[in-house]
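Asks:
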Amino acid sequence: MSEKTFSLDRAELEKIAEKYPTPFIIYDEKAIRGNARTLYDVFSWVRGFKNHFAVKACPNPAILKLLKEEGMGVDCSSLPELLLSERVGFRSEEIVFTSNDTPAEEFAEAARLGAIINLDDIGHIETLEKSAGIPELISFRYNPGDARTGNVIIGEPKEAKYGVTGDQVVEAYRIMQKKGVKRFGLHTMVASNELENSYFVETARMLFELAVKLKEECGINLELVNMGGGIGIPYRPGEKAVDLKYISDEMLKLYNEIIIPAGLDPLKVVFECGRLVTGPYGYLVSRVRHVAEKYKNYVGLDACMANLMRPGIYGAYHHITVPGKDDLPRDHIYDVTGSLCENNDKFAIDRNLPPIEPGDLLVIHDAGAHGYAMGFNYNGKLRSAELLLKTDGSVELIRRAETIDDYFATMRFPGAPVTI
Numbered sequence: 004m005s006e007k008t009f010s011l012d013r014a015e016l017e018k019i020a021e022k023y024p025t026p027f028i029i030y031d032e033k034a035i036r037g038n039a040r041t042l043y044d045v046f047s048w049v050r051g052f053k054n055h056f057a058v059k060a061c062p063n064p065a066i067l068k069l070l071k072e073e074g075m076g077v078d079c080s081s082l083p084e085l086l087l088s089e090r091v092g093f094r095s096e097e098i099v100f101t102s103n104d105t106p107a108e109e110f111a112e113a114a115r116l117g118a119i120i121n122l123d124d125i126g127h128i129e130t131l132e133k134s135a136g137i138p139e140l141i142s143f144r145y146n147p148g149d150a151r152t153g154n155v156i157i158g159e160p161k162e163a164k165y166g167v168t169g170d171q172v173v174e175a176y177r178i179m180q181k182k183g184v185k186r187f188g189l190h191t192m193v194a195s196n197e198l199e200n201s202y203f204v205e206t207a208r209m210l211f212e213l214a215v216k217l218k219e220e221c222g223i224n225l226e227l228v229n230m231g232g233g234i235g236i237p238y239r240p241g242e243k244a245v246d247l248k249y250i251s252d253e254m255l256k257l258y259n260e261i262i263i264p265a266g267l268d269p270l271k272v273v274f275e276c277g278r279l280v281t282g283p284y285g286y287l288v289s290r291v292r293h294v295a296e297k298y299k300n301y302v303g304l305d306a307c308m309a310n311l312m313r314p315g316i317y318g319a320y321h322h323i324t325v326p327g328k329d330d331l332p333r334d335h336i337y338d339v340t341g342s343l344c345e346n347n348d349k350f351a352i353d354r355n356l357p358p359i360e361p362g363d364l365l366v367i368h369d370a371g372a373h374g375y376a377m378g379f380n381y382n383g384k385l386r387s388a389e390l391l392l393k394t395d396g397s398v399e400l401i402r403r404a405e406t407i408d409d410y411f412a413t414m415r416f417p418g419a420p421v422t423i
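For the sequence shown, the positions run 4 to 423 when the numbering used here is used.
1) Measuring straight from C-alpha to C-alpha, what distance separates E205 and E174?
2) Roughly how far, in whole angstroms, is the beta-carbon of I137 from the beta-carbon of L116, given that I think they are within contact range, below 8 Å?
3) For G158, which residues of its own chain have a beta-carbon under 7 Å away from its beta-carbon, when the five flanking residues on both sides are left out?
4) When the Cβ atoms of the segment 326-335 are set against those of the segment 245-264, are three or more pairs found closer than 8 Å?
5) In the DSSP output, what is L42 paired with across the bridge?
6) Classify T191 as helix, strand or coil using the three-state DSSP reduction.
7) Among I323, F274, V245, which has the Cα closest to the Cα of V49?
8) Between the Cα of M230 and the Cα atoms of P417, F46, A14, T25, which residue gives the shortest distance?
9) What first and last residue would you give for the alpha helix (DSSP H) that runs through L392?
10) Distance cutoff 8 Å, beta carbons only. Does L122 sit that close to anything in chain D?
11) Can you give me the C-alpha to C-alpha distance between A319 and E15, rounded to a whole angstrom?
12) Based on Cα-Cα distance, which residue from C307, T281, Y298 lies nearest to V291?
13) Please find out if some non-hydrogen atom of the ligand HEM comes closer than 7 Å to the beta-carbon of D363.
14) Is it buried or exposed, M344, if we count other Cβ atoms within 10 angstroms and call 16 or more buried?
15) To which residues of the same chain is N154 closer than 8 Å at the C-beta, ignoring the five residues directly before and after it?
16) Touching or not, the segment 360-367 and the segment 391-408, by the rule of three or more beta carbon pairs under 8 Å?
17) From the DSSP output, in three-state form, read off F379 for me.
18) Am I right that N121 and S142 are in contact with their C-beta atoms under 8 Å? What's the rounded C-beta distance?
19) Under three-state DSSP, which class holds N229?
20) Alpha carbons only, please: which of R36, D338, F203, E17 is nearest the one belonging to Y301?
21) Between D170 and E139, what straight-line distance do the alpha-carbon atoms span, to the nearest angstrom?
22) Could you please give the first and the last residue of the uninterrupted alpha helix (DSSP H) stretch that includes Y238?
23) Tell me the rounded alpha-carbon separation between A404 and Y23.
24) If you draw a straight line from the C-alpha of L82 to the C-alpha of G183, how long is it?
25) Is V155 helix, strand or coil by DSSP?
26) Where does Y317 land, buried or exposed, given buried means 16+ other C-beta within 10 angstroms?
27) So, helix, strand or coil for L385, using DSSP?
28) Is the Cβ-Cβ distance between K59 and V91 less than 8 Å?
29) Please classify E96 as buried or exposed, where buried requires at least 16 neighbouring CB atoms within 10 angstroms.
30) Among the candidates M192, Y202, M179, whose CA atom is the shortest distance from the CA of A146?
31) Which stretch, first to last residue, makes up the alpha helix (DSSP H) that contains D124?
32) For I262, I'd like the list of residues in its chain whose CB is within less than 6 Å of its CB, leaving aside the five on either flank, ordered along the chain.
33) Quick one: residues in its chain with C-beta nearer than 7 Å to the C-beta of R13, no 5 flanking neighbours on either side, listed in chain order?
34) For N1, count neighbouring Cβ atoms within 10 angstroms of its own Cβ and tell me buried if that reaches 16, exposed if not.
35) Three-state secondary structure (DSSP) at Y23?
36) Classify D369 as helix, strand or coil using the three-state DSSP reduction.
Below is the structure:
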């Protein structure tokens, strides 16, 4: 069962906040590196195993750099993510490019980088060919429709805009065969933040069986299968984490039962996990501005939904601790809120916490993925700084906080000269 811990005490946080005012997100480098090594160790039976970290989860070059040092690649879904990855030093097939409704210029950039291009639709083949030509290696994203179920975040596969259908998938590969492609991959992504172990085992079964079908019907020996991401993290204390060792062992059994007898060995197995890697090791630190008594009791923070929107849009749980008050009973009930002019700007509703006073620091856990990345400027709110707690205990600023000048930078005021 998961426990929610934080390696910094109140005094240490206050010292950091003197230099970098709250709110800020701070990442734990040691924990992220250790987590990455665990993932690679668990799947060490896979020849050439790689996790292509989902850049959308945490698009910060310092984080991407340390993950590159741990052997990871990247999964990109847009032109800026491709360019960010290039600037960090990712090249060629370290990069997987999976997008949807993709413009020609993004295909061209992915091709320039030599990325593995993962097509979302048969209709994209023509756009790819006109903009970038046909690459040496091509992959398709598979949508199994009614054959699988999704979850609340990503929705049911049959309702999703992503991927080629079961009726289309064989034809998609045949088209690319005729265009001269010799190397092929296969991808799927059917759930997000899923904690059920069997879900990922069955995803492997589905892709392995489809790999055999493609060989039987098209004569294709797939080079790689991408299991996608979607492995969840236990946001609630006491919630059971995914058992990666169990998933790996069961996938190995399926590999031996399905892939080897079909003559498809060696088949490279990769993932594109983001949340799993950094999610538990980023913390949103915020200071209490006000404690208000209305029909309910409210704790108002200097952070808001612009800093972490998951609770507001998904109703997602994020654990909250109050450094310096760890030993006090959590016998007060609060809604923990931000300052947006939106009533869903709440980090917690009816949450049991110790007594809270203005000036207290609060730590909102599991903000290391889809936290800063999903930020916005509604109400003129400015995005916070990002910090890295390094392995030697020092703290590095890895993204400064936005300023009012940043907010105004793209605006054209009356009488100002036009710049393009």
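From the three backbone atoms N, C-alpha and C, an ideal C-beta is built for every residue, glycine too.
Replies: This is what the structure gives:
1) Rounded to whole angstroms, E205 to E174 spans 24 Å at the Cα level.
2) The C-beta distance from I137 to L116 rounds to 16 Å, too long to fall under 8 Å, and the pair is not in contact.
3) In this predicted model, G158 has a pLDDT of only 49, less than 50, meaning its place in the structure is not dependable enough to derive any value.
4) Flag = no, the segment 326-335 and the segment 245-264 do not touch.
5) None; L42 has no bridge partner.
6) Looking at T191 - three-state DSSP - the assignment turns out to be strand.
7) By alpha-carbon distance to V49, the top candidate from I323, F274, V245 is F274.
8) Relative to M230, the option among P417, F46, A14, T25 whose CA is nearest is F46.
9) L392 -> not in any alpha helix (DSSP H); beta strand (DSSP E) instead, spanning 388-392.
10) Protein chain content of the structure displayed is limited to a single chain, and chain D is not contained in it.
11) One alpha carbon belongs to A319, the other to E15, and they sit about 28 Å apart.
12) Comparing Cα-Cα distances from V291 to each of C307, T281, Y298, the minimum goes to C307.
13) The model on display carries no ligand, and the ligand HEM is accordingly not part of it.
14) As written in the sequence, residue 344 is Cys, which differs from the Met given in the question. An exposed status is given to C344, since fewer than 16 other beta-carbon atoms sit within 10 Å of its beta-carbon.
15) Because the pLDDT at N154 is just 48, under 50, the model does not fix this residue reliably, and the value given afterwards should be weighed accordingly. Result list for N154: A194, S195, N196, E197, in chain order.
16) Short answer: they don't touch.
17) The three-state reading of DSSP puts F379 in coil, since its state is none of H, G, I, E or B.
18) Between N121 and S142 the beta-carbon gap is near 4 Å, inside 8 Å, which marks them as a contact.
19) Secondary structure at N229: strand, using DSSP grouped into helix, strand and coil.
20) Y301 has its Cα closest to that of D338, out of R36, D338, F203, E17.
21) Distance between the alpha carbons of D170 and E139 is about 25 Å.
22) Here Y238 belongs to no alpha helix (DSSP H), and DSSP marks it neither H nor E.
23) Spanning the two alpha carbons is a distance of roughly 9 Å.
24) Approximately 26 Å between the Cα atoms of the pair.
25) A caution first: V155 carries a pLDDT of 48, below 50, which makes its placement in the model too unreliable to give a value.
26) Exposed: under 16 other Cβ atoms inside 10 Å.
27) In the structure shown, L385 sits in coil (DSSP, three-state: anything other than H, G, I, E or B).
28) No, they are not a contact pair.
29) With 16 or more Cβ atoms within 10 Å of its Cβ, E96 is classed as buried.
30) Residue identity differs from the one stated: residue 146 is Asn in this sequence, not Ala. Nearest C-alpha to N146 among M192, Y202, M179: M192.
31) Judged by DSSP secondary structure, D124 falls outside any alpha helix (DSSP H); it is assigned neither H nor E.
32) The residues are F211, D268, L270.
33) Cβ contact annotation for R13 (same chain, cutoff 7 Å, sequence separation greater than five): P326, G327, L364, in chain order.
34) The first residue shown for the chain is 4 and the last is 423, placing residue 1 beyond what the model contains.
35) Residue state, collapsed to three classes: coil.
36) Looking at D369 - three-state DSSP - the assignment turns out to be coil, as it is neither helix nor strand.
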